[in-house]
Amino acid sequence: RATADMPAELVDAVTRLVRLLDTPDDIGVLAPRVESEILYRLLTGPLGPALRQTATAAGSRIRAVITWLGDRFAEPVSIDQIAAEAGMSPATLHRHFTAATGMSPLRYQKQLRLLSARRQLLAGDVTAAQVAHNVGYTSATQFSREYRAFYGLPPVQDITRLRRHHFGRPGDEAHTLLARTIRGA
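Counting in this note's numbering, the sequence shown runs from 1 upward without gaps.
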């Protein structure tokens with residue numbers, strides 16, 4: 001499994017990308033360049049070899065599985081289903097998937113669910129229970145527990161904190177712009 005501390009240059013580039021949210025007029029021009037820099041830093045940094053591994057034959061099957069999981073993250077899937085999709089045994093899938101992503105396929109699916117849940121909650125008028133169902137949880141309690149473990153706060157508290165500290169207060173121009181961006185409007 002490949003892990004590494006983020007080099008200062010990568011942290012700087014990611015910080016600049018996030019700060020572009022403060023200057024929406026600059027996003028269209030600067031974001032693509034900063035994103036390219038981030039990719040460059042990732043590929044030439046300590047995790048570069050692991051990232052480049054995705055270009056191999058097994059890597060292309062893992063990329064296909066990543067896409068497949070992205071399309072079905074809200075559905076219940078088993079490791080056997082994922083392995084069959086990859087054309088690998090469960091053990092081989094686990095080894096290659098973990099090498100490429102740093103996590104197991106089911107953990108990756110869980111993170112996709114939680115990231116989608118956070119986006120939906122940030123976008124607006126939906127309850128945590130509705131979002132839990134939307135992203136594939138059968139239990140709102142389990143969703144809240146996993147959300148808290150991942151983000152450090154229960155869903156409602158996390159979204160309130162994000163809106164207040166990072167995106168302005170509801171009604172602010174920055175908050176309205178962010179909500180439109182998240183919704184894709």
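We put the beta carbon where it would ideally sit given N, CA and C, even for glycine.
For the pair of segments examined, the segment 42-50 was found not to touch the segment 79-96: the number of CB pairs separated by less than 8 Å stays below three. Measuring C-alpha to C-alpha distances from residue 151 to each of 113, 60 and 88 identifies 113 as the nearest. Approximately 13 Å separates the beta-carbon atoms of residue 115 and residue 155; this is outside 8 Å, ruling out the contact. Taking a contact as a CB-CB distance under 8 Å, the pair residue 26 and residue 20 counts as one, their CB atoms being some 6 Å apart. Listed in chain order, the non-local C-beta contacts of residue 61 below 8 Å within the same chain comprise 86, 87, 88 and 96, local neighbours out to five positions each way being set aside. Our two residues, residue 105 and residue 161, have alpha carbons roughly 30 Å apart in a direct line. Under the criterion of beta carbons closer than 8 Å, residue 41 and residue 9 qualify as touching, at roughly 6 Å.
The DSSP-derived three-state label of residue 150 is helix. In the displayed model, residue 23 falls within coil according to three-state DSSP, outside both helix and strand. Here the C-alpha atom of residue 140 lies approximately 7 Å from the C-alpha atom of residue 128. Of the residues assessed, residue 101 falls on the buried side of the cut-off, its CB having 16 or more other CB atoms within 10 angstroms. Between residue 109 and residue 143, the CB-CB gap reaches or exceeds 7 Å. Closest in alpha carbon position to residue 59, among 35, 90 and 99, is 99.
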